[in-house]
Structures are given as C-alpha cells and as structure tokens.
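Notes to accompany the following structure.
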Amino acid sequence: MPTLCNVLLFFAAAYPWLAGAAPSAADPCAKIAGLTFVPPADALACYKSFPFNQTLFENVLDNMDRVFDFFTFEDFYLNSPPPFQESTNNIRATLAKIRQTKFQTDYDFNKALYDFTTQLNDGHTRYFPNCYNVFQNILPAPVISLDVNGVSNVYIAPDSVEFISLLGTSYTNFFTQIGFDWQRLAGAKVLEIEGMDAYAYVDLIAKTVSGNYLDHGVRVNSVFTSYRISGTVFSQRLGDLAGPEDVTRTSLTFKLIPAGSTKVETVSVPYLASYTGLPFTDSATFWAANCAPNAGTNGVDLRGQSNLPNNAKKVQKRIKASIIDGLNSKAVGLPGPFLPTAPPVDGSEDVIKSFILPDKKTGVMFVGSFEPSDFDQFQSDVVATTAAFKAAGVTQLLIDLTNNGGGFVCLGQFLHQFLAGSQIGYPGFQSTQRGNPLAQKIVAAHVAMGVNDIGTFYSPDNWAFLNDTIMPVTFNYDKPTLPFVVNGRIDPTSQRFHDTCTEGFSQPIPTTPPFDLNKVAIVSNGDCASTCAMFSTLMFERHRTKIAVFGGKPGEVMEYKGMAGNQVLEWADLDTEIKSVGLQNDPLAPPELLVNSNFRHNWRTAWSFFDEARPIAYVSELPQLRFSYTNDTYNNPQNLWTFAASKLFA
Ligand SMILES: *[C@@H]1O[C@H](CO)[C@@H](O)[C@H](O)[C@H]1NC(C)=O
Ligand SMILES: *[C@@H]1O[C@H](CO)[C@@H](O)[C@H](O)[C@H]1NC(C)=O
Ligand SMILES: *[C@@H]1O[C@H](CO)[C@@H](O)[C@H](O)[C@H]1NC(C)=O
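In mature numbering (1 follows the signal peptide of the UniProt record, and there is no 0), the protein residues as written are -21 to -1, 1 to 629.
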C-alpha cells in the first residue's frame, strides 16, 4: 500500500505543477510570472515544463480526426490544384504519422499540430492550443519590401522608431538595458536574413509560419509590416517575421546597410516575447489560466435552454467566415504622422473608415473587417457614408480591403448588394456542406424535430433553395447527397443551397447602384480573408470590378484574395450542433476536448459564379493591377489611396 507521503511525493514528481509547492527558482513559469515582456527562451522553458500526457495526446488527435470529416476541402489537399500546390498534404497520413511520433513535452506535441494545420494555409482550418499561443515574439525590426527609384528591396521599416515606440517603455527598456541600439536600424536595406537572400527568407516564413491564405504570394505580404484597422482604430501590423506567435527564435541575424551608410554590417537582433495570456504565478496557475478547459472550450446542448436563436434571421447574424490573427492581440496604433489627414465622413466610428480625397471626387471606404461591434450599425454606416459621398459630389468609390480578415458572411453580401442594387438578385454564392455520415444524421435529426427545431446552423430553414425560397424545416437537403469527386476521392456534398442573408438586412437596398459600378474599384494587400475574399470575388466575378494589389515579392504571382471558405465553425460550434440534436454519443462524434484548444474548420464551400463545379477558394483570380509599396505608401493609407485613385480611375 502506498503511504500518503509516498503518494504526495509521486504527485510532486509526476505533476510538479499540481503539487501546490511554493514557486521555486526551478519552476520556469514562476520565473516569468507577472512580466509583460520576457526573453523568448524563458517563455519556451515555461511552455516545455509541462510533460507529455498520453491522455491529452489521444484526446486531441481523436477530436481532430473526426472534425476533419467535416472539413470541406480535405480531399483537395491530396493534390492541391495549381497555383496552390504548396499546400498539398495527405491529411490522414500526416495525422497517422503524428500518432506514431514520440513527443518530449506537451508543448512539442501541440506545436506539431499547430504547425501542421497552419501549413494547410486555410485560416478556417487551424488548431489553436491556447495554452501555447500566449506569447508573441516581437522583433524591433519589422520588414517591408519597398520600391526605391524603381528597384525593389527588403528594408527594415523606415517608421520603425515611431511604430515600435508605441509598444511602450516596458518593451524598449529591455533593449536599452542590454545596450542594443535598434533605432539605428530603421530604414536599413536588408541584403540577407539568417544567411539567406532576404526575399528567400521571406518566402520561407510565408511557407512555414504565416498560414491562413492558400496563395503563397498573399502570405508573403503577411510576413511584412502593413497598415490595417484593428478593432475600430488604425493600426500597424508587425508582420509574421517581426511578430510571430512563436517563441522558438531568440534572435534574427541580418546582413544590412543602415540608412545613410554604405557599409554592409551583420547585426543579430534579439526578439522579446510579449505575454498576452491571463495572469499566473507559477506552472500550476499558468496551466489553470491558459491550458485547462473552460466553459467555452466545448459546445452545449441547446435543447431546453431559453434564448434559442429560433429563427433564420438571428442565425444568419452569427454566420462567420473569418481568420484568427494572433497579431491582433498586441495591437498598437498606426503612428500619428501616417494617419489620413482628410477628415472622416459619417459612418466611420466602427470597422469602416471613410474619407473624401483632396481631389473631391474620390470617396474611400476602408473596410477593415466584416466583424463590426454591431451587425446592424455596419449597415447603417454604409448607408450614412454613401449619403455623405453623394451629398459632397463624389463620383468614384475606392474600397480598401487591406488586412480585412473577414467576419459576418451576411455583411459581405450586404455590401455587395448595396453597391450593386437589388436588381442583381441573390447577392451570394451557391453553397454546400460536406455530406458525411454524421452530417446526414444531424440534418435528419433536425427534420425529425420539425416545427420544434432549435434553429442552429444545420437547420434546413436556415438556408434557401436556389430560387431563394427558404427551405421548410422538414426539408432534408442531405437526402440524397450530391456526388462530388476530387483527386479521385468520392466526397459527396449536401444539395446546393443559398444563404438567407437578405432576410436579415436592416437597411433598404437601392434598386440601382448608388455609384456607377465602373467607377468602383478595390485596393488591398491581398490579405483579404473569408468574407472579404467572398466580397471581392463577388465584385470581380459579377461586376468585373477593377482590383489593385500592393506589395508582395517582385516577380512572384499574387492573387487578390487569400482564402475563400464559405463559413467557419469553431470546435465549440460544431460540438453544439452535434449535442443539440442528441448525437454526442454517436461513434462518429468527436470527443470533447480536455484542454483549452480550438480546432476550427471550414464547414461550407462557396462555388464559383463562373464555374459552379469549382470552389472559389481554388479559382485563381489575379488582380488587374499590381503595385509595389514605396516609402510614401506602405504605412500611409491616404498616400496609397491618392496614388491608387490616379491609376484605377485614369
Ligand atoms: C493527463 O491529463 C489528464 C487530463 O487532464 C489528467 O487527468 C491526467 O492526470 C494527466 N496525466 C498525467 C500523467 O499527468
Ligand atoms: C423553389 O424551389 C423549390 C425546390 O425546387 C420548390 O419546391 C419551390 O416550389 C420553388 N418556389 C418557387 C416560388 O418557385
Ligand atoms: C521615408 O519617409 C519618411 C517620412 O514619412 C522620411 O522621414 C524618411 O526619410 C524616408 N526614408 C527614406 C529611406 O526615404
């Protein structure tokens, strides 16, 4: 019989973070507790203090295996169509290989899954171990590709001093203390990074770190620093080289020529990691705060709960297609000197910022996201802005979609239909879900509930037939499923359906376009995800809207959109769908997660208007115009808009 003392000793050895011992110098998490910024090696030591756990390993892999059954693009990955070959991956074979791998720590296992799903390059289909995504590594040397006198090169962002200073003295003091002068690097011309040609290294980060976008060219732009709207304010994104959610690199070695110099130098620039998680004091409290499952980790059975969505209008408001950009967690503003000087017009309080350019005829709507703080306000902002533009005599509309990570599917359709007028009819794409055996059971369960249905995403009356009549609650759109074959795999889908967004619009749609559609153009950096990708594809496919993309790697092809899934379900959403029709004990149902992670997946496909046999995600569509950034435009939206207007409306 083990004695109590033996049991406690065993516990302290096997689960040091649970033993409740006073934090000691030996606890790597206690060492960094309470700090906002920590050297990445210390962050990594805390991550690696949690031993490999077989139960968690099997739980997460079982969950993933079964969630992948719902992933609409799984079979495309066997041989990703050109130009998206970089994403090719035999998903089931990779999972089987991970099951065979011996991992040293819980972190190593989670990092392998994070890297694997990140490199699928579908922002809707990623594994986020919240436990190990709480540090963002920050380099005080964000990079950007600039055209200077007609020649492109990688530079340390010329505004680095203004920009990085916004992180505050708790960040910059670290460099002062170690005597590292990062300010002098601003504007330096970068020749090599880690011994590689600068652009080749950028390509490597785009391939291994960035994720989210199927198109490699688009991912290159997320490696660089760029302007954006974060929340409801102008912001500058660090980029995936200077701000990855990854603490494995402690420094980066550049071969560069400082601004104003001709001398080539080799400089090793240290990273400093920013903590974005919840407060902790040691390993045990770090685990409790960030890693243990919480009330939101898994789904709930909605049956018998009050506040049911209960009608299609409310469900449609929750339909999302968006990426999770970890680089939003430590957002700082766009430095003051680079903010637009034109005064904002009405409707600019939320995620849309609108301006009239000094030429007085160009109105700019910078649509930073389709995920506003208020669904209905977004629509009234579009109406207010349009009215202000019309009143001021604006005749041409420039829409900036730079770094728009998507959001509510129905707001993308609203903006499209508002600009195109109600005469165009249905403002979205044909859509399907995967018709796997469990999905078929879920739809059948909704049909069986009939008028007592609970109104979740799988509910038939959430969707419309292709003639835009809403489906009866008893219509089984998976009976029969439709045949679909991709890469030699038989992969049936649901019957085709339409969204029912128009029923939820709170603002009237004009019958004719408010602006001549030939005088509407789009600019972006290509990092336009999900709902943003669908909006720009609708504008291009249906109205031939001119699109200009800035940045990227010179000479490398770049799409105008990055990732165009039709709807994302977080793991908890899918679990709610399954539990709410009583199928949680079905052998095909993924198990509840025992850790605070999220395995989200792309749940619906949008089919191209041009070719309804192809998902728009896999249709290569290039911008009509492509421009390099310059020192005047990369971080200065108004300068970029002025330049773009001169080219797009010429
Ligand atoms: C592994 O994790 C499970 C679930 O959190 C836990 O119950 C178990 O005690 C852990 N096992 C070890 C050996 O730490
Ligand atoms: C729309 O299509 C459905 C399914 O084909 C059909 O049952 C329904 O009658 C149609 N509605 C109209 C108004 O044509
Ligand atoms: C870039 O522009 C800023 C002003 O925005 C200026 O101060 C700086 O000298 C410029 N740098 C280069 C390399 O042209």
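Just so you know, even glycine gets a beta-carbon here, dropped at the ideal spot from N, CA and C.
Item to complete: Starting from N455, follow the beta strand (DSSP E) in both directions and report where the run begins and ends.
Response: If you number the sequence shown from 1, residue 455 lands on position 476. No residue range can be given for N455, since it is assigned to no beta strand (DSSP E) and is classified by DSSP as neither H nor E.
Beta carbon of N32: closer than 7 Å to some heavy atom of ligand 1?
Taking the sequence shown and counting its residues from 1, the one referred to as residue 32 is at position 53. Yes, the beta carbon of N32 sits closer than 7 Å to at least one heavy atom of ligand 1.
*Kindly indicate which residue of K558, I70, V388 and A274 has the alpha-carbon position closest to the one of V547.*
Here residue 547 refers to the residue found at position 568 of the sequence shown. Comparing Cα positions, the closest option is V388.
Kindly provide the chain-ordered list of residues whose Cβ lies closer than 6 Å to any non-hydrogen atom of ligand 3.
P137, G166, A238 and N610
Is V169 near V133, with beta carbons less than 8 Å apart? Locating residue 169 in the sequence shown gives position 190, counting from the first residue. Locating residue 133 in the sequence shown gives position 154, counting from the first residue. Yes, they are a contact pair.
Report task. Find out if the Cβ-Cβ distance for the pair Y192, A551 is shorter than 8 Å. Result -> Residue mapping note: residue 192 aligns to position 213 of the sequence shown, counting from 1. Residue mapping note: residue 551 aligns to position 572 of the sequence shown, counting from 1. It is not a contact, given that the beta carbons lie outside the stated cut-off.
### Task
Identify, in the order they occur along the chain, each residue of the same chain with its Cβ nearer than 8 Å to the Cβ of L231, setting aside the five sequence neighbours on each side.
The residue given as residue 231 occupies position 252 in the sequence shown. L118, A120, I172, E173, L220, S247, V248 and Y250, listed in sequence order.
Worksheet entry | Under the three-state DSSP convention, the category P30 falls into | For the purposes of this step, residue 30 is taken as the residue at position 51 of the sequence shown. Here P30 sits in strand by DSSP.
| message | Once the 5 residues before and after F142 are set aside, which same chain residues still bring their CB inside 6 Å of it? | response | Your numbering for residue 142 matches position 163 in the sequence shown. Taken in chain order, the residues that qualify are Q215 and P314.
Buried or exposed (CB count within 10 angstroms, at least 16 for buried), D304 = On the sequence shown, position 325 is the one that residue 304 refers to. Buried, because 16 or more other Cβ atoms sit within 10 Å of the Cβ of D304.
Exercise for the section: Compute the distance between the beta-carbons of V294 and G434, then report whether it is under 8 Å. Expected result: Along the sequence shown, one-based indexing puts residue 294 at 315. Along the sequence shown, one-based indexing puts residue 434 at 455. Taking 8 Å as the Cβ cut-off, V294 and G434 qualify as a contacting pair.
**Q.** Rounded straight-line distance, which links the Cα of T84 to that of S30
**A.** Numbered from 1 along the sequence shown, position 51 holds the residue referred to as residue 30. Numbered from 1 along the sequence shown, position 105 holds the residue referred to as residue 84. First, the amino acid is wrong: residue 30 is Pro here, not Ser. When rounded, the distance between both Cα atoms is 5 Å.
What are the partner residues of I449, as DSSP defines its beta bridges? Within the sequence shown, the letter at position 470 stands for residue 449. DSSP, once it has assigned bridges, lists A443 as partnering I449.
Check: K168 bridges to which residues according to DSSP?
Finding: By 1-based counting over the sequence shown, the position of residue 168 is 189. K168 is bridged to Y134 and I236.
message = Quick check: the Cα distance between L183 and A370, rounded to an integer number of angstroms?
response = On the sequence shown, position 204 is the one that residue 183 refers to. On the sequence shown, position 391 is the one that residue 370 refers to. Put simply, the backbone Cα of L183 is about 49 Å away from that of A370.
Determine the closest residue to T264 out of L627, N615 and Y26, with distance taken between C-alpha atoms.
Here residue 264 refers to the residue found at position 285 of the sequence shown. The residue with the shortest Cα to Cα distance from T264 is Y26.
- Query: Who are the near neighbours of T621 in its chain, counting only those whose CB is closer than 7 Å to its CB and skipping five residues on each side?
  - Reply: Stepping through the sequence shown from its first residue, residue 621 is reached at position 642. Result list for T621: L336, in chain order.
Name, in chain order, the residues that DSSP records as bridge partners for N581.
-> The residue you call residue 581 lines up with position 602 of the sequence shown. According to DSSP, N581 bridges with V547.
Any heavy atom of ligand 1 closer than 7 Å to the beta-carbon of L40?
Against the sequence shown, residue 40 aligns to sequence position 61. Incorrect: L40 has no Cβ contact closer than 7 Å to ligand 1.
Report task. Provide the residue span of the alpha helix (DSSP H) that contains S201, from first to last. Result -> On the sequence shown, position 222 is the one that residue 201 refers to. Start and end: H195 to V202.
**C-alpha distance - L601 paired with D261, whole-angstrom precision** = On the sequence shown, residue 601 is found 622 positions in, with the first residue counted as 1. On the sequence shown, residue 261 is found 282 positions in, with the first residue counted as 1. Roughly 50 Å between the two C-alpha positions.
TODO: Report the rounded CA-to-CA distance for S301 versus P616, giving the unit in angstroms.
DONE: For the purposes of this step, residue 301 is taken as residue 322 along the sequence shown, with counting starting at 1. For the purposes of this step, residue 616 is taken as residue 637 along the sequence shown, with counting starting at 1. Approximately 23 Å, taken between the alpha carbons.
message: Quick check on R468: does DSSP put it in helix, strand or coil?
response: Position 489 of the sequence shown, counted from the start, is the residue given in the question as residue 468. Three-state result, R468: strand.
Margin query: Contact defined as beta carbons within less than 8 Å: I believe S410 pairs with N545. What is the distance between those atoms, to the nearest angstrom?
Written below: Residue 410 sits at position 431 when you count from the first residue of the sequence shown. Residue 545 sits at position 566 when you count from the first residue of the sequence shown. About 5 Å; that satisfies the 8 Å criterion.
Original post:
So I331 and D360 are in contact, right, with Cβ under 8 Å, and what is the actual spacing, rounded?
Top reply: For the purposes of this step, residue 331 is taken as residue 352 along the sequence shown, with counting starting at 1. For the purposes of this step, residue 360 is taken as residue 381 along the sequence shown, with counting starting at 1. Contact flag correct, Cβ pair sits at about 5 Å.
- Query: Hey, quick one: how far does the alpha helix (DSSP H) through N89 stretch, first residue to last?
  - Reply: Working through the sequence shown from its first residue, we reach residue 89 at position 110. N89 -> alpha helix (DSSP H) spans D85 to T97.
- prompt: Near ligand 2, which residues have their beta-carbon closer than 5 Å to a heavy atom?
  reply: F444, N446 and T448
What separation, rounded to the nearest whole angstrom, lies between the Cα atoms of A585 and T510?
-> Counted from its first residue, the sequence shown places residue 585 at position 606. Counted from its first residue, the sequence shown places residue 510 at position 531. Going from the Cα of A585 to the Cα of T510 covers about 11 Å.
**Message:** Can you check which of these residues, P322, E538 and Y254, is closest to P62 by C-alpha distance?
**Reply:** Position 83 of the sequence shown, counted from the first residue, corresponds to residue 62. Of the listed residues, the one whose Cα sits closest to P62 is E538.
request  = Output the residue ranges of the beta strand (DSSP E) runs that lie fully inside the stretch 10 to 77 and measure 3 residues or longer, sorted by chain position.
outcome  = none
Check: For ligand 1, any of its heavy atoms closer than 7 Å to the Cβ of L572?
Finding: If you number the sequence shown from 1, residue 572 lands on position 593. It does not: the Cβ of L572 is nowhere closer than 7 Å to a heavy atom of ligand 1.
Original post:
CB-CB under 6 Å to N466, same chain, minus the five flanking residues each way: which ones, in chain order?
Top reply: Taking the first residue of the sequence shown as position 1, residue 466 is located at position 487. These residues qualify, in order along the chain: D54, L57 and N58.
In the structure shown, what three-state DSSP assignment does D379 receive? For the purposes of this step, residue 379 is taken as the residue at position 400 of the sequence shown. Three-state DSSP puts D379 in a strand.
Below 8 Å between beta carbons: does that hold for T481 and P406?
-> Here residue 481 corresponds to residue number 502 of the sequence shown, with the count starting at 1. Here residue 406 corresponds to residue number 427 of the sequence shown, with the count starting at 1. Yes. Within cutoff.
List the residues that DSSP assigns as beta-bridge partners of S209. On the sequence shown, residue 209 is found 230 positions in, with the first residue counted as 1. Bridge partners of S209: V212.
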